[in-house]
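>
Numbering (the numbering used here), first residue to last: 157 to 334.
(1) Kindly list the residues whose CB is nearer than 7 Å to the CB of residue 228, restricted to its own chain and excluding five residues on each side of it in sequence; keep chain order.
(2) Just the Cα atoms here: how many angstroms apart are residue 312 and residue 303?
(3) For residue 250, which residues does DSSP report across the bridge?
(4) Should residue 331 and residue 300 be called a contact, given that it needs their Cβ atoms to be closer than 8 Å?
(5) Using three-state DSSP, classify residue 322 as helix, strand or coil.
(6) Which whole-angstrom value describes the C-beta separation of residue 220 and residue 178, a residue pair presumed to lie in contact below a C-beta threshold of 8 Å?
(7) Tell me whether residue 199 is buried or exposed, calling it buried when 16 or more other Cβ atoms sit within 10 Å of its Cβ.
(8) Note down, in chain order, each residue of its chain lying with its Cβ closer than 6 Å to the Cβ of residue 250, except the 5 sequence neighbours on either side.
(9) Out of curiosity, what's the CA-to-CA distance linking residue 263 and residue 307?
(10) Measure the CB-CB distance between residue 216 and residue 169 and report whether it falls below 8 Å.
(11) For the alpha helix (DSSP H) holding residue 266, just list the boundary residues, first then last.
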């Protein structure tokens, strides 16, 4: 995740008061956040030490990360980046779209998929470049059945060497196109 200096974070808050930054923790238990109000006031919120250690003031040496904001499902899928959804039925890993849809279809019933797609909170992994499998440069794509979990998978390889190494390590455990 991209890290920002205090001045960079404050400049970004000046431009967009809906942003929220969270401190990258060093040694202390503080979990400071900085945000901005509609009136362009900077709001500092500290949790962890509740201000008792005297270490809750802002320091120029502090490093901050941008807290992700939820987006619509359509915005998430159009981003062509890794996405995740927060929903009680799921863990919160980032996936490329086709992997996420594959996981949903293999794991959940239609009613659950509809609930996840419509009621989940969607996030885009902002520090990623476009990562859809259609945009990948790939040497080969294989479909295989993994005998360890008895599931079907698709895997892309960028080079012949990458494929051969994977095949050598896994040939006892997979059936390719079987």
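We put the beta carbon where it would ideally sit given N, CA and C, even for glycine.
The relevant details are as follows:
(1) Hits under 7 Å: 278.
(2) In this structure, the straight-line span from the alpha carbon of residue 312 to that of residue 303 is close to 19 Å.
(3) The partner list for residue 250 (beta bridge, DSSP) is empty, contrary to what the question assumes.
(4) Yes, the Cβ-Cβ distance between residue 331 and residue 300 is below 8 Å.
(5) Assigned with DSSP and collapsed to three states, residue 322 falls in helix.
(6) Confirmed, Cβ separation roughly 7 Å.
(7) By the C-beta density criterion, residue 199 is exposed, having fewer than 16 other C-beta atoms within 10 angstroms.
(8) Result list for residue 250: 238, 240, 281, in chain order.
(9) One C-alpha to the other measures close to 11 Å.
(10) Cβ atoms of residue 216 and residue 169: not closer than 8 Å.
(11) For residue 266, the enclosing alpha helix (DSSP H) begins and ends at 266 to 275.
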